[in-house]
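Residues in the sequence shown are numbered consecutively from 1, following full-length UniProt numbering. A virtual CB, placed ideally from N, CA and C, is assigned to each residue, including glycine. The model shown is predicted, which means the values in this text are computed figures rather than measured ones. First the structure, in the form of C-alpha cells, and then the observations on it.
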Amino acid sequence: MTIGRGVQAFGVTQRGVRFQNDDAFRILSGPSGHVCVVADGMGGHGAGDVASGIAVSFTTDLLVAPGEGPAPDRIRAAVAAANREIFHRSSTDRRLLGMGSTVALLFLPHDGRVAYVAHVGDSRVYLYRDGALRRLTEDHSLAHFLRQNPDKRAELGIPEADLENVVANILTRSLGIKDTVDVDLVEIEVCPNDRFLLCTDGLWDPVDDARITEILRDGGDDVGETCARLLRAAQTVPGTERTDERFGRDDVALIVARVLTCAPSRT
Numbered sequence: 001m002t003i004g005r006g007v008q009a010f011g012v013t014q015r016g017v018r019f020q021n022d023d024a025f026r027i028l029s030g031p032s033g034h035v036c037v038v039a040d041g042m043g044g045h046g047a048g049d050v051a052s053g054i055a056v057s058f059t060t061d062l063l064v065a066p067g068e069g070p071a072p073d074r075i076r077a078a079v080a081a082a083n084r085e086i087f088h089r090s091s092t093d094r095r096l097l098g099m100g101s102t103v104a105l106l107f108l109p110h111d112g113r114v115a116y117v118a119h120v121g122d123s124r125v126y127l128y129r130d131g132a133l134r135r136l137t138e139d140h141s142l143a144h145f146l147r148q149n150p151d152k153r154a155e156l157g158i159p160e161a162d163l164e165n166v167v168a169n170i171l172t173r174s175l176g177i178k179d180t181v182d183v184d185l186v187e188i189e190v191c192p193n194d195r196f197l198l199c200t201d202g203l204w205d206p207v208d209d210a211r212i213t214e215i216l217r218d219g220g221d222d223v224g225e226t227c228a229r230l231l232r233a234a235q236t237v238p239g240t241e242r243t244d245e246r247f248g249r250d251d252v253a254l255i256v257a258r259v260l261t262c263a264p265s266r267t
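Set out below in C-alpha cells:
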C-alpha cells in the first residue's frame with residue numbers, strides 16, 4: 001500500500017508453532033513522516049504479544065505526531081517511552097513479569113532526503129539498492145558479541161560453529177529489562193527505488209541473505225508480493241520446495257518499504 005507521498009510499504013506477520021504470535025508490526029503515516037516498525041516480544045503466559053504490541057504502538061504514535069526537535073532525538077525518545085511502558089507494566093503486573101521486546105524501525109520524514117533506522121535487540125533492517133543487500137543493524141545478541149570478540153568466546157570454550165546452538169536467542173539488549181535503554185541509530189540518504197526490509201528473526205534465521213536478496217530483486221515494484229514471497233521462504237521445509245505454514249517454528253513479522261521519490265540532497 002502507499003502510505004504517503006513517495007513511499008509504499010506492506011507488512012505481514014505469521015504465528016509459529018506456539019499458541020500465540022509474539023511478533024508484531026505497524027506501518028503509519030502522519031504529520032512528521034512515515035514510520036515502519038517490527039518487534040519480537042518475549043515472556044511467558046501471553047506477555048510476549050503485550051510487549052511487542054507496546055513496542056510498535058508507542059513508537060509509531062509518537063513519531064508520526066507533530067513534534068519539535070531533531071529526528072534522532074525524537075526517535076530515541078519514542079523508543080525510550082516504549083521501554084518505560086514495558087518495564088512499568090512488567091514491574092506492576094505479575095502476569096507480565098519479565099516481559100520484553102526487540103524493536104526495529106524505519107522513519108522517513110516528509111522531506112524525503114534521508115531515512116533513520118533504529119533498533120534494540122536482534123530484529124533487523126536491511127537496505128536493498130542497485131541489486132545489493134546491506135544490513136543496517138547489528139544484532140544485540142550474545143552470539144554476535146562472542147563472534148566479534150573471539151578471546152571471550154575462547155575463554156568460554158565455545159567453538160564458533162556452535163555459537164548459534166549454545167547461545168541462541170540470548171539478547172544483550174532489549175526493551176523492558178531496565179527503565180532505560182540504549183538505542184542504536186543510523187541516518188542514510190535515500191534514493192528512488194530503495195527498498196528497506198524490516199524483519200524479526202523468524203525470517204532472517206531460516207532464510208539466508210542470498211535468498212533474501214534474490215526475493216527482493218525478483219519482487220520488483222510489488223512490495224506486497226515481495227512480502228508474501230519472503231514469508232513463504234520462511235515457511236519452506238528444508239530440502240524441499242514445499243511450503244507449510246506449520247513448519248515455521250518461530251513467529252515472523254516483516255515489512256518491505258519502497259521509496260518512490262525523494263527530494264534532492266542539500267548542497
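Counting Cβ pairs, one atom from each stretch, are 3 or more of them under 8 Å apart for the region 96-115 and the region 183-196? yes
What number of angstroms, rounded off, separates the C-alpha of Arg211 from the C-alpha of Leu142? 25 Å
DSSP state of Cys191, grouped into three classes? coil
Under a three-way DSSP split, which group does Asp179 fall into? coil
Is it right to say Ser91 is buried, meaning 16 or more other beta carbons lie within 10 angstroms of its own, or is it exposed? exposed
Neighbourhood of Arg217 by C-beta, 8 Å cutoff - its chain only, sequence neighbours within 5 removed: Tyr128 and Gly131
In chain order, which continuous runs of the alpha helix (DSSP H) of length 4 or greater are located wholly inside the region 68-149? Uninterrupted alpha helix (DSSP H) stretches at least 4 residues long and entirely within the region 68-149 occur at 71-92 and 142-148, given in chain order.
Does the beta-carbon of Gln148 have 16 or more other beta-carbons within 10 angstroms, so that it is buried, or is it exposed? Its Cβ having fewer than 16 others within 10 Å, Gln148 is exposed.
Indicate the three-state DSSP secondary structure (helix, strand or coil) for Thr13 in the structure shown. Three-state result, Thr13: strand.
Where do the ends of the beta strand (DSSP E) carrying Ala253 lie? Val252 to Val259
If you draw a straight line from the C-alpha of Thr200 to the C-alpha of Glu68, how long is it? 30 Å
Closest Cα partner of Leu133 within the set Arg124, Thr59 and Gly30: Nearest of Arg124, Thr59 and Gly30 to Leu133, Cα basis: Arg124.
According to DSSP, is Phe58 part of a helix, a strand, or is it coil? Helix, per DSSP.
Straight-line CA distance for Leu28 to Pro109? One C-alpha to the other measures close to 12 Å.
If I'm right that Phe25 touches Ala253 with Cβ under 8 Å, what's the distance once you round it to whole angstroms? 4 Å
Does the distance from the CB of Val120 to the CB of Arg195 come in under 8 Å? No, these two residues do not count as a Cβ contact at 8 Å.
Selection from His34, Glu225 and Glu85 that minimises the alpha carbon distance to Val181: Nearest C-alpha to Val181: Glu85.
Spatial neighbours of Pro66 in its chain, beta-carbon cut-off 6 Å, leaving aside the 5 residues before and after: Within its own chain, the residues whose Cβ lies closer than 6 Å to the Cβ of Pro66, once the five positions on either side in sequence are excluded, are Pro31, listed in chain order.
Measure the alpha-carbon distance for Ala47 versus Val223 and round it to whole angstroms. 31 Å
Between Cys227 and the rest of its own chain, which residues show a CB-CB distance below 7 Å, the 5 nearest in sequence each way excluded? Hits under 7 Å: Phe10, Gly11, Val12, Leu254 and Val256.
Please state whether DSSP places Glu220 in a helix, a strand or coil. A small correction: the amino acid at residue 220 is Gly; Glu does not occupy that position in the sequence shown. Correct three-state label for Gly220: coil.
Tell me, to the nearest whole angstrom, how far the beta carbon of Leu260 is from that of Gln8; I am working on the premise that it is less than 8 Å. About 6 Å separates the beta carbons of Leu260 and Gln8, which is inside the 8 Å limit, making them a contact pair.
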